[in-house]
Amino acid sequence: MIRACTIMMVLSTTICSISAYAEKTTASPDVYNQCVEQTIEKLALGNINNAVVESCSNHSRAYYEKEIVKVLDQIKKQSQIDLRQERYNDIMKSQRLWKAYVDQECQNAGSYIGSPMYAFCPMQEYGKRLDQLTEYAQ
129 MIRACTIMMV LSTTICSISA YAEKTTASPD VYNQCVEQTI EKLALGNINN
179 AVVESCSNHS RAYYEKEIVK VLDQIKKQSQ IDLRQERYND IMKSQRLWKA
229 YVDQECQNAG SYIGSPMYAF CPMQEYGKRL DQLTEYAQ
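Letter by letter, the sequence shown follows residues 129 to 266 of our numbering.
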């Protein structure tokens, strides 16, 4: 009985932590929350669970990755037009460093906060990066 209560408390804490992080994500559109709502409704779930978090995090991250590639292509084209190739090279250098940071930081989040963070954390960071790169491209 105590073990079951402990497991429930850990899961509740993890889901609450994820909800708090979800509110901080500012990338547009809000792919993650749309996915969560649709998945819960489609599967007639009463609430979010770790499988929904993982599935929607992976779906959202894939969306953000595609959008990041598009923005990086825009930056590359604009750098060529402006004859400022070093600008694009600098962005790509920071992109590689950013990726290494995200990989390690999200590994830490998964280890310390809980397993749903292994998928949720990268999705959140990719959304932030998309916003940042979009700002650079404007």
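For every residue, glycine included, the Cβ atom is placed at its ideal position computed from N, Cα and C.
Predicted model only: the values in this text are computed from it and were never measured.
Through-space distance from residue j to residue i, alpha-carbon basis
i, j, result
"Asp210", "Pro250", "32 Å"
"Gly242", "Val199", "32 Å"
"Pro244", "Ala190", "17 Å"
"Phe248", "Ser185", "5 Å"
"Asn177", "Gln208", "46 Å"
"Lys227", "Tyr192", "13 Å"
"Asn175", "Gln206", "45 Å"
Nearest residue (CA-CA) to residue i, options the options
i, options, result
"Val181", "Ala172, Lys194, Thr167", "Thr167"
"Ile219", "Val164, Lys170, Glu263, Glu169", "Glu263"
"Tyr160", "Ser183, Ser239, Gly238", "Ser183"
"Ser188", "Ser222, Tyr240, Lys170, Glu253", "Glu253"
Outcome for residue i when other beta-carbon atoms lying within 10 angstroms are tallied against a minimum of 16
i, result
"Glu151", "With a pLDDT of 46 at Glu151, under the threshold of 50, the predicted position of this residue should be treated as unreliable, though the coordinate-derived value follows. Label assigned to Glu151: exposed."
"Gly255", "buried"
"Ala172", "exposed"
"Leu225", "exposed"
Supposed contact pair residue j and residue i - C-beta distance, whole angstroms, cut 8 Å
i, j, result
"Cys234", "Tyr216", "Contact flag wrong, Cβ pair sits at about 26 Å."
"Glu165", "Leu258", "Contact flag wrong, Cβ pair sits at about 21 Å."
"Gln202", "Ala265", "5 Å"
Worksheet item: Residue ranges of each beta strand (DSSP E) run of no fewer than 3 residues wholly in the stretch 212-238, ordered along the chain?
Response: none
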